[in-house]
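Asker: Got a structure for you, written out below as structure tokens; questions coming shortly.
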Amino acid sequence: MPAFSAYAPGKIILFGEHAVVYGQPAVAAPVSQVKARAVVNANLRGLPGSVRIQAPDVGEDAELASLPANHPIGLAVRSVLALLKIQSPPACTLKVTSTIPIAAGLGSGAAVSVAVLRAFSAYLGRPLKDEQVSELAFEVEKVHHGTPSGIDNTVITYGKPVYFIKGKPIEMLKVPVPFTIVIGNTGIASPTAAAVGEVRQAWKAKKALYESYFESAGSLAASARQMIEHGIVETLGPLMTANHGILRKMGVSSPELDELVAAATKAGALGAKLSGGGQGGNMIALVAASRAERVAQALQRAGAVSTIITVVGKPE
337 MPAFSAYAPG KIILFGEHAV VYGQPAVAAP VSQVKARAVV NANLRGLPGS
387 VRIQAPDVGE DAELASLPAN HPIGLAVRSV LALLKIQSPP ACTLKVTSTI
437 PIAAGLGSGA AVSVAVLRAF SAYLGRPLKD EQVSELAFEV EKVHHGTPSG
487 IDNTVITYGK PVYFIKGKPI EMLKVPVPFT IVIGNTGIAS PTAAAVGEVR
537 QAWKAKKALY ESYFESAGSL AASARQMIEH GIVETLGPLM TANHGILRKM
587 GVSSPELDEL VAAATKAGAL GAKLSGGGQG GNMIALVAAS RAERVAQALQ
637 RAGAVSTIIT VVGKPE
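Position 87 (the sequence shown) corresponds to 423 in the working numbering; numbering is contiguous.
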């Protein structure tokens, strides 16, 4: 019996992180240079219902039945079985690997979920539709992030740039002029749930102030959409820098992120900001394609443990 495999890309938030949780728009794009992979192989000697889950990147090797209810991979597998009304699947082994840094703002958790949902449902002979994959991945995201917006599972499931407002229909972004982004990783783990939780506490304590931050970030995201869809991509730089300023006021930046943002700007980036939960993780810089390597090198000299150069959008 052949193996069933599926991949899912990483992601970056271009505009609107944190504010998106509170109903403001955000812009996000997939990052294909890193990805999660799930492979399901039939276990012809296994007992019916046996699902062995292996995730060597995090030292996981266990039977599905032994995993707690809130185990993210186990939850993804169980959600497929529940949706398809299958109680005892044919015995198999599910192996999950990923090149996406964990807790770095690149959507590692959502990518793993999407890859698992697709590979496991295909193994069962009933591949899920994109809408189903995104919906189930969102449920798993609640384990990772507590109160997620849904943007990670959406952009990763569809693999296209999106303009996202929580609870509203998905809007794919048209990108007539592709643009280059350099991603710099601080190397500092940044669990999104912690950052989201801290912002929520601050919002409860100072509602009017934080809602003004969210509205300002949402306004930048809406403007960015117009610039992207009209192909005026160079104007995104100042919007990014402004968004980073708002995120700093929210308290989700860090000295390391600020240093990388400054280093990118000094090296010729058109604009830069943290991306994702903040307090560590990744930052992004908008650059002219000809300056991408130069900016990446500057980020490494400033302390980035790794960099990725990616292009948002493809020529029509």
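Where a beta carbon is used, it is the ideal one built from N, C-alpha and C, also for glycine.
Which residue marks the beginning of the alpha helix (DSSP H) containing ALA598, and which one marks its end?
Answerer: Within the sequence shown, the letter at position 262 stands for residue 598. Run containing ALA598: 591-602, per the alpha helix (DSSP H) assignment.
Asker: Give me the residue from GLY486, HIS580, SER368, ALA557 with the minimum Cα distance to GLN615.
Answerer: Position 279 of the sequence shown, counted from the first residue, corresponds to residue 615. When only C-alpha atoms are compared, the closest one is HIS580.
Asker: What do you get for THR483, buried or exposed, if any count of 16 or more other CB atoms within 10 angstroms of its CB means buried?
Answerer: Here the question's residue 483 lines up with position 147 in the sequence shown. With fewer than 16 other Cβ atoms within 10 Å, it is exposed.
Asker: Whole angstroms are fine: how far does the CA of ALA544 sit from the CA of MET576?
Answerer: Here the question's residue 576 lines up with position 240 in the sequence shown. Here the question's residue 544 lines up with position 208 in the sequence shown. If I take the Cα positions, the gap works out to 23 Å.
Asker: Going by C-alpha distance, which of PRO404, TYR459, ASN406 is nearest CYS428?
Answerer: Locating residue 428 in the sequence shown gives position 92, where the first residue counts as 1. Checked all of PRO404, TYR459, ASN406; the closest Cα to CYS428 is TYR459.
Asker: Taking 9 Å as the cut-off, decide whether the C-beta atoms of LEU596 and GLY520 are in contact.
Answerer: The sequence position of residue 596 within the sequence shown is 260, counting from 1. The sequence position of residue 520 within the sequence shown is 184, counting from 1. Cβ atoms of LEU596 and GLY520: closer than 9 Å.
Asker: Could you tell me if GLU652 is buried or exposed, where buried requires 16 or more neighbouring beta carbons within 10 angstroms of its beta carbon?
Answerer: Here residue 652 corresponds to residue number 316 of the sequence shown, with the count starting at 1. Confidence at GLU652 is low in this model, with a pLDDT of 46, below 50, so its placement is unreliable and no value can be given for it.
Asker: Excluding the five sequence neighbours on either side, which residues of its own chain have a C-beta within less than 8 Å of the C-beta of PRO384, listed in chain order?
Answerer: One-based indexing of the sequence shown puts residue 384 at position 48. Spatial neighbours of PRO384 in its own chain (CB-CB distance under 8 Å, excluding positions within 5 residues in sequence) are listed in chain order as SER424, PRO425, PRO426, ALA427.
Asker: Give me the Cα-Cα distance between SER341 and ALA391, rounded to the nearest whole angstrom.
Answerer: Position 5 of the sequence shown, counted from the first residue, corresponds to residue 341. Position 55 of the sequence shown, counted from the first residue, corresponds to residue 391. C-alpha separation (whole angstroms): 14 Å.
Asker: Got a sec, what are the start and stop residues for the alpha helix (DSSP H) ILE506 sits in?
Answerer: If you number the sequence shown from 1, residue 506 lands on position 170. No alpha helix (DSSP H) contains ILE506, which DSSP labels as neither H nor E.
Asker: Could you tell me the distance, in whole angstroms, from the CA atom of GLU353 to the CA atom of SER552?
Answerer: Within the sequence shown, the letter at position 17 stands for residue 353. Within the sequence shown, the letter at position 216 stands for residue 552. Roughly 12 Å separates the two Cα atoms.
Asker: Pull up the distance between the alpha-carbon of ALA600 and that of HIS566, whole angstroms please.
Answerer: Within the sequence shown, the letter at position 264 stands for residue 600. Within the sequence shown, the letter at position 230 stands for residue 566. If I take the Cα positions, the gap works out to 25 Å.
Asker: Looking at the unbroken alpha helix (DSSP H) that takes in VAL653, where does it start and where does it end?
Answerer: No answer is possible for residue 653: it lies beyond the span of the chain, which begins at 337 and ends at 652.
Asker: Does the Cβ of ASN377 lie closer than 8 Å to at least one heavy atom of the ligand PLP?
Answerer: Among the ligands in the structure shown, none appear at all, so the ligand PLP cannot be discussed.
Asker: Between the region 509-517 and the region 634-650, do three or more beta carbon pairs fall short of 8 Å?
Answerer: Yes, since at least three Cβ pairs between the region 509-517 and the region 634-650 fall closer than 8 Å, the two stretches touch.
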